[in-house]
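Report on the structure given below.
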Amino acid sequence: MGSARGAEIADQIERANLELIQVVRGCSEEQWRTLCNDEGDNRTVAVIAHHVAHGHQQNQDWLDTALGGGEVKITLAEQDLLNAQQADTYHDVAREETIRLLEGNGARFTARVAALSDEELARTAFHTGAGRDFTVDQYAYLDYRHVTGHLATIRQALDLPAS
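First residue of the sequence shown: 1136, per my numbering; consecutive thereafter.
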């Protein structure tokens, strides 16, 4: 059975993800293609939203690695390269595909986090890119920060009020 902390993090992620889905659904075609100055790389709203959807899966992989006692072996340069490759691959991504991935990957990740015990949340694993240990709790919370950070960028690019 999951802990109260796991349920709390899962709820935060779920609410942020649902908010992003709502913004994506409400975008006009022009807004969907709007460039965002996100991390200095001028990705579109579409690419960033799709990136967040894939991020749920990547964060679950990191979480599972940490739970298994492994090291999350990705450097910042490798992460930047993956992000650039994803932007190239999904530059013309469909909104419905993105929504489907946000819903599915988000639901799988939040269910996984909600099921974590306090003991599991307290485990640690080294993250190569950050150069330090993170608790599983922190790995889970990275997903929330990922969603909310990119959601804020999208809102700013579309001149939408902050949530």
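No residue lacks a Cβ here, since even glycine has one placed at the ideal position from N, Cα and C. None of these values were measured; they are calculated from a predicted model.
Suppose you measure from the CA of GLU1154 to the CA of PHE1261; what does that come to, to the nearest Å?
Rounded to the nearest angstrom, the two C-alpha atoms are 31 Å apart.
Thinking C-alpha only, which one of ASP1253, ARG1290, TRP1167, TYR1279 is nearest GLY1141?
Taking only the C-alpha atoms, the option nearest GLY1141 is ASP1253.
Applying the criterion that 16 or more other CB atoms from any shown protein chain within 10 Å of the CB defines a buried residue, is GLN1147 buried or exposed?
Classification of GLN1147: buried, given that the 10 Å Cβ count is 16 or more.
DSSP on ALA1265, reduced to helix/strand/coil?
ALA1265: coil per DSSP, three-state reduction.
Over what stretch of residues does the alpha helix (DSSP H) that includes TYR1279 continue unbroken?
Element bounds for TYR1279: 1271–1292.
Where DSSP assigns a beta bridge to LEU1170, which residues make up the other side?
Under DSSP, LEU1170 takes part in a beta bridge, and its partners are THR1179.
Out of curiosity, what's the CA-to-CA distance linking THR1259 and ARG1230?
Note on geometry: alpha-carbon atoms of THR1259 and ARG1230 lie some 36 Å from one another.
In chain order, what residues of the same chain have a beta carbon less than 6 Å from the beta carbon of ALA1184, not counting five sequence neighbours either side?
A distance below 6 Å between beta-carbons, with the five flanking residues on each side excluded, links ALA1184 to the following residues of its chain, in chain order: VAL1159, THR1233.
Candidates LYS1208, VAL1228, MET1136, ARG1267: closest to GLN1193 by CA position
Per the Cα distances, LYS1208.
Would you please state the rounded distance, in angstroms, between the beta carbons of ALA1297 and ALA1287? I believe it to be under 8 Å.
The distance from the Cβ of ALA1297 to that of ALA1287 is about 7 Å, consistent with a contact at the 8 Å cut-off.
Identify every residue that forms a DSSP beta bridge with ALA1260.
Paired residues: PHE1269.
Any idea if GLY1303 is buried or exposed, counting beta-carbon neighbours within 10 angstroms, 16 or more meaning buried?
Here the chain covers residues 1136 to 1298 and nothing more, so residue 1303 does not appear.
How about HIS1189 and LEU1236: do their beta carbons lie closer than 9 Å?
A contact, by the Cβ cut-off of 9 Å.
Just the Cα atoms here: how many angstroms apart are ALA1145 and ASN1152?
Answer to the nearest angstrom: the Cα atoms are 10 Å apart.
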